[in-house]
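Q:
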Amino acid sequence: MDRDLISKKELLDTTGISYGQLYRWKRKQLIPEEWFIRKSTFTGQETFFPKDLILARIDKIVNMKDDLSLDQVAGKLSPLLQDYELRKAAFVERNIVSLVAIHQFAGKDPDHTVYSFEMLLYFYVIDKLLQTGEMTMEEGERLLTVLRDHFPKFEGKPCDLIFIRKMGVSSFLLVSSDAHVYFDNGIKIVAKLPMVELIEQLRGKLI
Amino acid sequence: MTGESGMDNYGLPDLSVNGVSDAVGGKYGNVRIDGVIKVVGDIEAQSFKLNGVIRTTGSVKSESFECDGTLKVAGSLSASQMRMNGLVNVEGALSGEWLRLNGLLKIKGDCEFERVEGEGGFDVDGLLNAGSIHLKLQGRGKAREIGVESLYIRQGAKSLWSKVWKWLFPKFNPELQAGVIEGDDIDVEHTKADVIRGSRVVIGKGSVIGRVEYGTELQVHPGATIRERVKTGG
Numbered sequence: 000m001d002r003d004l005i006s007k008k009e010l011l012d013t014t015g016i017s018y019g020q021l022y023r024w025k026r027k028q029l030i031p032e033e034w035f036i037r038k039s040t041f042t043g044q045e046t047f048f049p050k051d052l053i054l055a056r057i058d059k060i061v062n063m064k065d066d067l068s069l070d071q072v073a074g075k076l077s078p079l080l081q082d083y084e085l086r087k088a089a090f091v092e093r094n095i096v097s098l099v100a101i102h103q104f105a106g107k108d109p110d111h112t113v114y115s116f117e118m119l120l121y122f123y124v125i126d127k128l129l130q131t132g133e134m135t136m137e138e139g140e141r142l143l144t145v146l147r148d149h150f151p152k153f154e155g156k157p158c159d160l161i162f163i164r165k166m167g168v169s170s171f172l173l174v175s176s177d178a179h180v181y182f183d184n185g186i187k188i189v190a191k192l193p194m195v196e197l198i199e200q201l202r203g204k205l206i
Numbered sequence: 000m001t002g003e004s005g006m007d008n009y010g011l012p013d014l015s016v017n018g019v020s021d022a023v024g025g026k027y028g029n030v031r032i033d034g035v036i037k038v039v040g041d042i043e044a045q046s047f048k049l050n051g052v053i054r055t056t057g058s059v060k061s062e063s064f065e066c067d068g069t070l071k072v073a074g075s076l077s078a079s080q081m082r083m084n085g086l087v088n089v090e091g092a093l094s095g096e097w098l099r100l101n102g103l104l105k106i107k108g109d110c111e112f113e114r115v116e117g118e119g120g121f122d123v124d125g126l127l128n129a130g131s132i133h134l135k136l137q138g139r140g141k142a143r144e145i146g147v148e149s150l151y152i153r154q155g156a157k158s159l160w161s162k163v164w165k166w167l168f169p170k171f172n173p174e175l176q177a178g179v180i181e182g183d184d185i186d187v188e189h190t191k192a193d194v195i196r197g198s199r200v201v202i203g204k205g206s207v208i209g210r211v212e213y214g215t216e217l218q219v220h221p222g223a224t225i226r227e228r229v230k231t232g233g
């Protein structure tokens, strides 16, 4: 379950950025506090990062910082798009979520309904699980309720969605990303999705 | 004690307190406090001018912040422009754009600034993260970790001041102590650190460093001790 980590030194070597830049981006909140993972090693305390996340993020910052100020870059990186809204019709047109899912979960909403970024995210997550064939439509309904009721409570902090099944009965859990969760042997983990990555993916598709 | 007056206070009331009393937190335009005052709750204002012995039970937030005397903040303190003269004690984090220090700083949390300059001493339990730090140490400078673009630390002249500090606080040598110092441009003296990592590193007299990793340049004063030095990168 552990994420692939990269040490600070390796990170600077592979990306070619300097200590100063890294600390500057941390101050500007371009790199979230939670990504700085302090661990004891034989050489003393060292800082590690979730490899895939930090490499993608640094790549983005490096590409954007030529055209934008760091504060502008920060605005583009905050995990949830605060003021982003999209009409249902436009959302359908963008073809981000399958028509089947939209029909099932947003069928009753008229075309001019305006969705927040969070709502789009819920559809995206559900569609993702439907596409893999791991989740049924009824379970999707339940997942939508779980996300709606509980995802906002994380207030943008990283969390994972865990989808488990035992003897055919399914359940959804939202847990903060740094938490350890253990189950009894009868539990099958159908899917574990880091919401941060899904947010990034959806942002990439929307912007 | 509070009144609507003055310009540029964004429609918020000003707060002016003096003597020995309590003040209530909240949102203000300009805050002026003189005397021995306890501020109850979080307080936010455009500008702060504090004189005397001030204690808060909550956090403090401001655009500009000036303090002479002693200040104790139970929460965190953030202000864009800060001038601190005297003793400042913050239980939470300290952050802002610019800090001009003339005195002693004690921070339980992390400390973040674009620019720090002045003289005195500091004790940061967390990470001291700044664009540039340019300080003359009159007392001890201590942090768990220091991360910077540029760091310039000198020992203040052994004046009457340093004697006073040493007398007030026995082990109060004007030296820098840190677990890890990382930055692009590091220039220090009288420093004790486990590890210093940087691109251009200058280690001055009186320093004892466990390990120095440098990218482009390393200068070491003959009066400094470095156990291990490593050149990194290309």
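Those protein sequences? They're chains A and B, same order as listed. Going by numbering that gives the first Met the number 0, the first residue of the first sequence is number 0, and it counts up by one from there. Going by numbering that gives the first Met the number 0, the first residue of the second sequence is number 0, and it counts up by one from there. C-beta: ideal position from N, C-alpha, C; glycine also.
1. Would a check of beta-carbon distances place residue 17 of chain A closer than 8 angstroms to chain B?
2. Beta strand (DSSP E) containing residue 188 of chain B: first to last residue?
3. Is it buried or exposed, residue 136 of chain A, if we count other Cβ atoms within 10 angstroms and call 16 or more buried?
4. So residue 72 of chain A and residue 53 of chain A are in contact, right, with Cβ under 8 angstroms, and what is the actual spacing, rounded?
5. Give me the Cα-Cα distance between residue 189 of chain A and residue 104 of chain A, rounded to the nearest whole angstrom.
6. Can you give the Cα-Cα distance for residue 135 of chain B and residue 152 of chain B, rounded to whole angstroms?
7. Which residues, taken in chain order from the region 173–194 of chain B, show a beta carbon closer than 8 angstroms to some beta carbon of chain A?
8. Under 7 angstroms between beta-carbons, which chain B residues line up against residue 25 of chain A? List them in chain order, please.
9. Just to make sure I have the definition right: I need the residues of chain A whose C-beta is within less than 9 angstroms of the C-beta of residue 234 of chain B. Which are they?
10. Who are the Cβ neighbours of residue 7 of chain A in its own chain at under 8 angstroms, not counting the five residues just before and after it?
11. With a floor of 3 residues, list each beta strand (DSSP E) that falls wholly inside the region 52–130 of chain B, ordered by position along the chain.
12. Can you pull the chain A residues whose beta carbon is under 7 angstroms from the beta carbon of residue 108 of chain B, in chain order?
13. Using a beta-carbon distance cut-off of less than 7 angstroms, what residues from the region 52–73 of chain A approach chain B?
14. When DSSP labels each residue in this structure, what does residue 162 of chain A get in the three-state scheme?
15. Would a C-beta distance cut-off of 8 angstroms place residue 128 of chain B and residue 108 of chain B closer than the cut-off?
16. Give me the chain A residues within the contact set of residue 111 of chain B, using Cβ-Cβ distance strictly less than 7 angstroms, ordered along the chain.
17. Taking C-alpha atoms, which residue in B:211, B:87 and B:62 lies nearest to residue 106 of chain B?
18. Taking just the CA atoms, how far does residue 96 of chain A sit from residue 87 of chain A?
19. Got a sec, what are the start and stop residues for the alpha helix (DSSP H) residue 101 of chain A sits in?
20. Would you tell me roughly how many angstroms separate the C-alpha atoms of residue 140 of chain A and residue 29 of chain B, rounded to the nearest one?
21. Between the alpha carbons of residue 37 of chain A and residue 109 of chain A, how many angstroms are there, rounded?
22. Residue 147 of chain B touches chain A at which residues, Cβ-Cβ below 7 angstroms?
23. Can a CB atom of chain B be found closer than 8 angstroms to the CB of residue 200 of chain A?
24. Helix, strand or coil: how does DSSP classify residue 60 of chain A here?
25. In three-state DSSP terms, what is residue 117 of chain A?
26. When DSSP builds the beta bridges, which residues end up paired with residue 94 of chain A?
27. Identify which residue in A:28, A:94 and A:181 has its Cα closest to the Cα of residue 126 of chain A.
28. Around the C-beta of residue 226 of chain B, are 16 or more other C-beta atoms found within 10 angstroms, so that it is buried, or is it exposed?
29. Do you know whose CA, among A:84, A:106, A:154 and A:187, lies nearest residue 133 of chain A's CA?
30. Give every residue of the same chain whose Cβ lies closer than 7 angstroms to the Cβ of residue 57 of chain B, excluding the five residues on either side of it in the sequence, and list them in chain order.
31. Mind listing which residues of the region 153–172 of chain A have their C-beta closer than 9 angstroms to chain B's C-betas, in chain order?
32. Starting from the C-beta of residue 33 of chain A, find all residues in its chain whose C-beta is less than 8 angstroms away, skip the five residues before and the five after it, and write them out in chain order.
33. By how many angstroms is the C-alpha of residue 19 of chain B removed from the C-alpha of residue 14 of chain A?
34. If we define contact as Cβ-Cβ less than 8 angstroms, is residue 139 of chain A a contact residue for chain B?
35. Compute the distance between the beta-carbons of residue 173 of chain B and residue 139 of chain B, then report whether it is under 8 angstroms.
36. What does a CB cutoff of less than 8 angstroms around residue 29 of chain A pick up in its chain, not counting 5 residues either side in sequence?
A: In short, the structure shows the following:
1. yes
2. No beta strand (DSSP E) holds residue 188 of chain B; DSSP gives it neither H nor E.
3. With fewer than 16 other Cβ atoms within 10 Å, it is exposed.
4. 15 angstroms between Cβ atoms; not a contact.
5. Computed Cα separation, rounded: 21 angstroms.
6. One C-alpha to the other measures close to 6 angstroms.
7. Within the region 173–194 of chain B, the residues whose Cβ lies closer than 8 angstroms to some Cβ of chain A are 178, 179, 181, 182, 183, 184, 193 and 194, listed in chain order.
8. 128
9. Chain B is shown from 0 up to 233; residue 234 of chain B falls before or after that span and cannot be answered.
10. Exclusion of the five residues before and after residue 7 of chain A leaves 21, 45, 46, 47 and 48 as the residues of its chain whose Cβ lies within less than 8 angstroms of its Cβ.
11. 59–72, 76–89 and 97–106
12. What residue 108 of chain B touches in chain A: nothing, since even the nearest Cβ is about 12 angstroms away.
13. none
14. strand
15. no
16. By Cβ distance, chain A contributes 26.
17. Nearest option by C-alpha distance: B:87.
18. Rounded to the nearest whole angstrom, the C-alpha separation of residue 87 of chain A and residue 96 of chain A is 11 angstroms.
19. 98–105
20. Whole-angstrom Cα-Cα distance: 52 angstroms.
21. 49 angstroms
22. Chain order gives the chain A residues near residue 147 of chain B as 19 and 22, where near means a beta carbon separation below 7 angstroms.
23. Residue-level contact by beta carbon fails for residue 200 of chain A and chain B, as no gap is shorter than 8 angstroms.
24. helix
25. helix
26. Answer is none; residue 94 of chain A lacks a bridge partner.
27. A:94
28. exposed
29. A:187
30. Cβ within range, chain order: 24, 40, 41, 42, 73 and 74.
31. none
32. 156, 157, 176 and 177
33. If I take the Cα positions, the gap works out to 56 angstroms.
34. no
35. yes
36. 56, 60, 69, 72, 73 and 76
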